[in-house]
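Take 559 as the starting number for the sequence shown in my numbering and just add one per residue. Don't be surprised by glycine CBs; every beta carbon is placed ideally from N, CA and C.
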Amino acid sequence: MTFSIKSVLEVFLAFLKLGLTSFGGPVAHIGYFRAEFVDNRQWLDDESFLNLVVFCQFLPGPASSKVGIALGLRRAGWLGALAAWVGFTMPSAVALIAFALGAKQWTSLASSGAVHGLKIAAVAVVAQAVWTMGKAFCPDRMRVGLAVFAALVVWAVPGSVGQFGAIALGAVVGRWALRLDHLKPIAQHDYGVSKRTGALLLGAFAVLLVALPAIAASTGSFVIAAFTAMYQAGGLVFGGGHLVLPLLHAGVVPPGWVGNDAFLAGYGAAQAVPGPLFTFAAYLGTVMPSPLGGWAGGLLLLAAIFMPGFLLVVGALPFWEVLRQHVGVRQAAAGINAAVVGLLASALVDPVWTSAVHSVADAAMAVAAFVLLVAFKVSPVAVVGLAAVCGWLVL
559 MTFSIKSVLE
569 VFLAFLKLGL
579 TSFGGPVAHI
589 GYFRAEFVDN
599 RQWLDDESFL
609 NLVVFCQFLP
619 GPASSKVGIA
629 LGLRRAGWLG
639 ALAAWVGFTM
649 PSAVALIAFA
659 LGAKQWTSLA
669 SSGAVHGLKI
679 AAVAVVAQAV
689 WTMGKAFCPD
699 RMRVGLAVFA
709 ALVVWAVPGS
719 VGQFGAIALG
729 AVVGRWALRL
739 DHLKPIAQHD
749 YGVSKRTGAL
759 LLGAFAVLLV
769 ALPAIAASTG
779 SFVIAAFTAM
789 YQAGGLVFGG
799 GHLVLPLLHA
809 GVVPPGWVGN
819 DAFLAGYGAA
829 QAVPGPLFTF
839 AAYLGTVMPS
849 PLGGWAGGLL
859 LLAAIFMPGF
869 LLVVGALPFW
879 EVLRQHVGVR
889 QAAAGINAAV
899 VGLLASALVD
909 PVWTSAVHSV
919 ADAAMAVAAF
929 VLLVAFKVSP
939 VAVVGLAAVC
949 GWLVL
């Protein structure tokens, strides 16, 4: 399977736009992705998109970035996967590296009115995703109930344990309780990755996860040790986003590589930039002592934290495409789809709504943005820009 440079450039520009405008964390990013690639560009349908989201939920690493890599691979092959990652990741990575190098004028950005407006826009984008996906994937009482119960599970058991519990519940209920009549055959999409290549990539992930700590311990190399800390954080955390912060803190603060104050300052700056929170690794690499530090250190640790997710997504996709053809798997996937709607609904309340809406005016802005998206079909980018301007004017 061959892809043109034009299709690779198309992927890069699409994800660059998202990398510059997608605020709100991984859940909001999924909403932005859906609006861009299902509604706007029509690269795939709702079912195929949510199928990728479900697939990526089962893999460790940055949640939204894994979906982006899979979309890029689907659209334009290996170079498309790389283009999607670069386009979505580099805006926030560059911003955080610049912040680490001393861009003092950005220190108040996290509390600015414009960024507050962007957080409110994320509320509307996620609400639109819950509304649209709920109608598509919760068509009966059982699946509506499953979505509600999944939301309650995530609320009662926060973190990755609750998320996986809700998804597992969806799979069990879907497999044994849902009866999907008149199932249409689904086409097996060729991502251009053979099972042999996929197995090699999965093997490489496992070997690096085991070998890197041993190499770091035997050589005493600071660079390898720092690379290992980022690789482990990217390869062991499910759900991405804020869940990676404890591992990052444990990896760089106790050894004395980064001071606690510097760590917290970087985390605050990471809240004020779009794109994946995993780009926080670029900030950490930039502020670390020699021989890391600067642009080179930032880019090295950025690559380290995203490498596991890249290997896992590309390596597992050819096996997933075969597995999802079976009727039992499709029944389980239908249950998982309903559970994911519940997860999105739970995240819409906390942390998306709770972190953005603090007043009646905030709530009014969020509702207005939602109406613009759903009723008037206004572009999400335009809604994001309008929300930023309104936030800047009001605060």
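Would DSSP call G833 helix, strand or coil?
Here G833 sits in coil by DSSP.
Is the separation between the beta-carbon of T837 and that of T647 shorter than 7 Å?
Yes, these two residues count as a Cβ contact at 7 Å.
For P539, is the classification buried or exposed, using 16 other Cβ atoms within 10 angstroms of its Cβ as the cut-off for buried?
Any property of residue 539 remains undetermined from this structure, which presents the chain solely from 559 to 953.
Within its chain, find whatever has a CB closer than 8 Å to the CB of L770; leave out the 5 residues flanking it on each side and keep chain order.
So the list reads I782, F785, T786, Y789, Q790, once near-sequence residues are dropped.
Once DSSP output is grouped into helix, strand and coil, what is the label at S779?
Here DSSP, grouped into helix, strand and coil, assigns S779 to coil.
Please classify K935: is it buried, with 16 or more other beta-carbons within 10 angstroms of its beta-carbon, or exposed?
Looking at its Cβ environment, which holds fewer than 16 other Cβ atoms inside 10 Å, K935 is exposed.
Short of 7 Å in beta carbon distance, which residues of its chain neighbour F616, apart from the five on each side in sequence? Order them along the chain.
Setting aside the 5 residues that flank it on each side, F616 has no residue in the same chain whose C-beta is closer than 7 Å to its C-beta.
Do S580 and P832 come within 7 Å of each other at the CB atom, strictly closer than that value?
Yes.
For G814, does the three-state DSSP call read helix, strand or coil?
For G814, the secondary structure class from DSSP, reduced to helix, strand or coil, is coil.
Rounded to a whole number of angstroms, what is the C-alpha to C-alpha distance between A687 and L629?
Cα to Cα, A687 sits roughly 17 Å from L629.
To the nearest angstrom, how far is it from the Cα of S904 to the Cα of F928?
Cα to Cα, the separation comes out at about 17 Å.
Which residues in the same chain as W763 place their Cβ atom closer than 8 Å to its Cβ, once the five residues preceding and following it in sequence are excluded?
It is worth fixing the name first, because residue 763 is Phe in this sequence and not Trp. The answer, listed in chain order, is G793, P866, L869, L870, G873.
Which value, in whole angstroms, describes the spacing of the CA atoms of A945 and A672?
Roughly 8 Å between the two C-alpha positions.
Contacting residues, own chain, Cβ-Cβ under 6 Å from A658 (five flanking each side not counted):
Taking A658 as the centre and dropping the five residues before and after it, the same chain places the C-beta of Y841, T844, V845 closer than 6 Å to its C-beta, in chain order.
Counting Cβ pairs closer than 8 Å, one from the stretch 633-653 and one from the stretch 714-728, do we hit at least three?
No: the two stretches stay apart, fewer than three of their Cβ pairs being nearer than 8 Å.
Taking L930 and V684 to be in contact with their CB atoms under 8 Å, please state how far apart those CB atoms are, rounded to whole angstroms.
Wrong, their Cβ atoms sit about 15 Å apart, outside the cutoff.
Using beta-carbon positions only, say whether I588 and A924 come within less than 7 Å of one another.
No, the pair does not count as a contact, with Cβ atoms beyond the cut-off.
Among residues of its own chain, excluding the 5 on either side of L767, which ones have a beta-carbon nearer than 6 Å to its beta-carbon?
Hits under 6 Å: G793.
Taking the C-alpha atoms as reference points, what is the distance between G626 and H674?
Those two C-alpha atoms are separated by around 25 Å.
Nearest by alpha-carbon distance to R692: which of K753, A757, G893 is it?
Here the sequence assigns Gly to residue 692, which means Arg is not the residue at that position. Cα-wise, what sits closest to G692 is G893.
Taking T690 as the reference, give the member of A896, S650, W734 with the closest Cα.
Restricting attention to A896, S650, W734, the CA atom closest to the CA of T690 is found in A896.
Are the Cβ atoms of G645 and G577 separated by less than 7 Å?
Closer than 7 Å, so yes.
Is the beta carbon of R737 within less than 6 Å of some heavy atom of the ligand ATP?
Although the ligand ATP was asked about, the structure shown includes no ligands whatsoever.
Using three-state DSSP, classify M648 as helix, strand or coil.
Helix.
Let me know if A891 comes out buried or exposed under the rule of 16 or more other beta-carbons within 10 Å of its beta-carbon.
Under this definition A891 is a buried residue.
Residues in the same chain with beta-carbon distance under 6 Å from A839, minus the five sequence neighbours each way, listed in chain order, please.
Result list for A839: M788, L859, L860, I863, in chain order.
In this structure, how does DSSP classify H587 when only helix, strand and coil are distinguished?
Reduced to three states, the DSSP call for H587 is helix.
Rounded to the nearest angstrom, how far is the Cβ of V898 from that of V566, given a contact under 8 Å?
In this structure, V898 and V566 do not form a Cβ contact; the two beta carbons are roughly 29 Å apart against a cut-off of 8 Å.
Would you check if the distance between the CB atom of Q889 and the CB atom of L738 is smaller than 7 Å?
With respect to L738, Q889 sits close: the two C-beta atoms are nearer than 7 Å.
Between V765 and L759, what straight-line distance do the alpha-carbon atoms span, to the nearest angstrom?
Their backbone Cα atoms lie some 10 Å apart in a straight line.
Per-residue burial, K624 [other beta carbons within 10 Å of its own, 16 or more giving buried]
Per the 10 Å Cβ criterion, buried.
What separation, rounded to the nearest whole angstrom, lies between the Cα atoms of A921 and V681?
Straight-line Cα distance between these residues: approximately 10 Å.
Three-state secondary structure (DSSP) of C948:
The three-state secondary structure of C948, taken from DSSP, is helix.
Three-state secondary structure (DSSP) at V702?
Assigned with DSSP and collapsed to three states, V702 falls in helix.
Taking V880 as the reference, which of F613, A708, A572, C948 has the closest Cα?
For the residues F613, A708, A572, C948, the minimum Cα distance to V880 belongs to F613.
Could you pull out every unbroken alpha helix (DSSP H) segment of at least 4 residues lying fully inside the stretch 864-923, listed in chain order?
Taking 4 residues as the shortest admissible run, the stretch 864-923 contains the following complete alpha helix (DSSP H) segments, listed from N- to C-terminal end: 885-905.
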